[in-house]
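Enquirer: Residue numbers (the numbering used here): 3 to 84.
Even glycine gets a Cβ: it sits at the ideal position worked out from N, Cα and C.
Quick look at the structure:
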């Protein structure tokens, strides 16, 4: 009988761990907070410090700026290496 309860406990623990990881991804990732559509419309962004970064679309760049307190602005795609 003890083995049966141990097996049930192990399954419940696994479900809780997997569920917590899924919720954590939704909370931590800025991409999930903005509701950006996964449309590929490449944007190259540049910060005030001269850092360039490629984004999948304008929404992704705006979202990262908002949630990570960055200052990327759209610039010519030739500055970003894909």
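Going by the DSSP bridge assignment, what does residue 57 pair with across the sheet?
Expert: BP columns for residue 57 point to 45.
Enquirer: Checking the sheet assignment: what are the DSSP bridge partners for residue 77?
Expert: DSSP lists 46 as partners of residue 77.
Enquirer: Less than 8 Å between the C-beta atoms of residue 77 and residue 38, yes or no?
Expert: Not in contact: residue 77 and residue 38 (Cβ atoms no closer than 8 Å).
Enquirer: Residue 72 by DSSP, collapsed to three states: which one?
Expert: Coil at residue 72, not helix or strand.
Enquirer: Shortest alpha-carbon distance to residue 81 belongs to which of 54, 61, 69 and 68?
Expert: Comparing Cα positions, the closest option is 54.
Enquirer: When we look at the beta-carbon of residue 68 and count the other beta-carbons within 10 Å, is it buried (16 or more) or exposed?
Expert: Exposed is the call here.
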